[in-house]
Amino acid sequence: MESFVQKEIRAGYSISAKMKRVWEKQIDLVKVLEKICDKYNLTFFAIYGTLLGAIRHEGYIPWDDDIDVVMPRRDFEKLKKIAVNELKYPYVLVPERSKIDFFSGGLLRLRNDDTLGADMWDSVFRQHNGIWIDILALDKAFNNDWIQKKKVKYILFIQQSIVLKLHGPKTRIWMNISNSRWKKINIVCKILSLRILYLLLNLLFRIGNIIGSKYVGIYTHFGEYQNQRLYKEDFKDIEKKTFEYISIPVPKGYKRVLEMTMGSDYMQYPDEESRKPHHQAIFDPECSYRIWQNRFYGVFQISSEKVIVLFGTGQMLDDYMQKYGSQYMPKYLIDNSEEKWGKEKYGIIITGPGSLINLPKENLHIIICNIYYRQIGKQLENMGFSEYYIYVQNKTWIIEDFMKDNEG
Numbered sequence: 001m002e003s004f005v006q007k008e009i010r011a012g013y014s015i016s017a018k019m020k021r022v023w024e025k026q027i028d029l030v031k032v033l034e035k036i037c038d039k040y041n042l043t044f045f046a047i048y049g050t051l052l053g054a055i056r057h058e059g060y061i062p063w064d065d066d067i068d069v070v071m072p073r074r075d076f077e078k079l080k081k082i083a084v085n086e087l088k089y090p091y092v093l094v095p096e097r098s099k100i101d102f103f104s105g106g107l108l109r110l111r112n113d114d115t116l117g118a119d120m121w122d123s124v125f126r127q128h129n130g131i132w133i134d135i136l137a138l139d140k141a142f143n144n145d146w147i148q149k150k151k152v153k154y155i156l157f158i159q160q161s162i163v164l165k166l167h168g169p170k171t172r173i174w175m176n177i178s179n180s181r182w183k184k185i186n187i188v189c190k191i192l193s194l195r196i197l198y199l200l201l202n203l204l205f206r207i208g209n210i211i212g213s214k215y216v217g218i219y220t221h222f223g224e225y226q227n228q229r230l231y232k233e234d235f236k237d238i239e240k241k242t243f244e245y246i247s248i249p250v251p252k253g254y255k256r257v258l259e260m261t262m263g264s265d266y267m268q269y270p271d272e273e274s275r276k277p278h279h280q281a282i283f284d285p286e287c288s289y290r291i292w293q294n295r296f297y298g299v300f301q302i303s304s305e306k307v308i309v310l311f312g313t314g315q316m317l318d319d320y321m322q323k324y325g326s327q328y329m330p331k332y333l334i335d336n337s338e339e340k341w342g343k344e345k346y347g348i349i350i351t352g353p354g355s356l357i358n359l360p361k362e363n364l365h366i367i368i369c370n371i372y373y374r375q376i377g378k379q380l381e382n383m384g385f386s387e388y389y390i391y392v393q394n395k396t397w398i399i400e401d402f403m404k405d406n407e408g
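Residue numbers (the UniProt record's numbering): 1 to 408.
Right under this line is the structure:
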């Protein structure tokens, strides 16, 4: 699909070649999911932005960066049980109870471990941080408005409690929780175990009208869509729609689903300033998260027989030396700027990258200390140095740097 992964302008929006490769990986994940569902007679539907893209664009919304599908609860639970045996490397289904992924409300993520995909609330480069698609559950809803609102209210409270229990108080900013609610959540977290919280959440997901139910809901996530009920009959059958170079199942009643989730004017494009990805995410469709993980977290895993080489002699080096220089003192300083060659810093003569050729490769522990670490990394690889590490003083810079490449 070489023609697909070229840079392209759609609806006036520039899509980078890198983002097209990310899309290609996500579409591959849809095909993997569909193969399992066909084998076990399971059903899934495109939902939210993916459904809108299929109908309005016959593919991705040009500024979108993910795929959302939803499965009836019974199929959702069955998928969790069979995925372990059905999925082979590099594919993995990360369950909603996993401590290795950020808890996003109860959804599943099908990931490709040969790639990198992490949003800002993932602990960057933890286990299973490949490009993903989101799989949500379609659950019961109450016909009575007041009871339904109570259901959603309690679901959100338990979801927020689980986030605190799993990921700590730093998540309060993201969840935008008031002081009084935060105190209540803290009390609940002290009283109830994570196991009990999960049991309560799954009970709340499943309750609804036993007889004569008109509605369903999608609660296994955070956001405005939690409050929306959808008509049960709209999901009774599927219809296939074009999505880029594949077809994707959509609800037979997709028009009403889109009207209820996206508004009656869903075929209209948003204002240009609103045309941007909704994830603050980092992607690398060509390189496994494991490699990036080792590059960032293996910085100080240095064997005694190796010497430290720092590539970059600017402010990042100063930060490194201030914090770690006494314990991990470099023997060589490398910089691409010829103006710095021959000058001394921290008692070490700065040399150009060409000097690395004269050093025994197997004895070097190369650490890039520069915000242009990806470009320098490519430079090192072209020189034959595939093993290197990256020092970044602020983790948020990683996300900001990767996101530049997502743009067209």
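Where is the CB? At the ideal position from N, CA and C, for every residue including glycine.
Excluding sequence positions up to five before and after residue 148, its CB lies within less than 7 Å of the CB of 141, 142, 229, all in the same chain and listed in chain order. Cβ contact annotation for residue 76 (same chain, cutoff 6 Å, sequence separation greater than five): 137, in chain order.
According to DSSP, residue pairing for residue 217 in a beta bridge involves 139, 229. Around the Cβ of residue 190, a 10 Å sphere holds fewer than 16 other Cβ atoms; the residue is exposed. The beta carbons of residue 131 and residue 283 sit about 6 Å from each other, so the pair counts as a contact at 8 Å. Beta bridge pairing from DSSP links residue 284 with 116. The secondary-structure analysis by DSSP pairs residue 365 across a beta bridge with 308.
Taking residue 106 as reference, the option from 206, 301, 85 with the minimal CA-CA separation is 206. Cβ-Cβ distances below 8 Å link residue 350 to 313, 333, 334, 335, 340, 341, 342, 343, 344 in the same chain, with the five nearest sequence neighbours on each side left out; the list follows chain order. Contact between residue 357 and residue 388 is ruled out by a C-beta separation of about 15 Å, above the 8 Å threshold. For residue 316, the uninterrupted alpha helix (DSSP H) segment begins and ends at 315-324. Linking residue 46 to residue 267 through their CA atoms gives a straight-line distance of about 16 Å. Contact annotation: residue 38 and residue 50 have beta-carbon atoms that are not nearer than 9 Å. Going by beta carbons, residue 25 and residue 115 fall inside the 9 Å limit. Among the bridge pairs identified by DSSP, residue 110 is matched with 93, 133.
By the CB criterion at 9 Å, residue 173 and residue 197 fall outside the cutoff.
DSSP assignment within the stretch 326-395 yields the following whole beta strand (DSSP E) runs of 3 residues or more, N-terminal first: 332-334, 348-351, 364-368.
Scanning its chain for C-beta atoms nearer than 7 Å, with the 5 sequence neighbours on each side dropped, one finds around residue 221 the residues 104, 105, 107, 136, in chain order. In the three-state reduction of the DSSP assignment, residue 34 falls in the helix class, which pools H, G and I. Look at the beta carbons and you see the stretch 52-66 touching the stretch 244-258: at least three pairs across the two are nearer than 8 Å. Counting other Cβ atoms within 10 Å of its Cβ, residue 300 stays below 16 and is therefore classed as exposed. Looking only at 213, 309, 236, 354, the smallest Cα-Cα distance to residue 369 is reached by 309. Contact check for residue 244 against residue 4 passes: the beta carbons are separated by less than 9 Å.
Per DSSP, the continuous alpha helix (DSSP H) segment holding residue 187 begins and ends at 179-191. Cβ-Cβ separation between residue 66 and residue 279: approximately 6 Å, consistent with a contact (criterion under 8 Å).
Residues of the same chain with a CB within less than 7 Å of the CB of residue 27, apart from the 5 flanking positions on each side, are 244, 246 in chain order.
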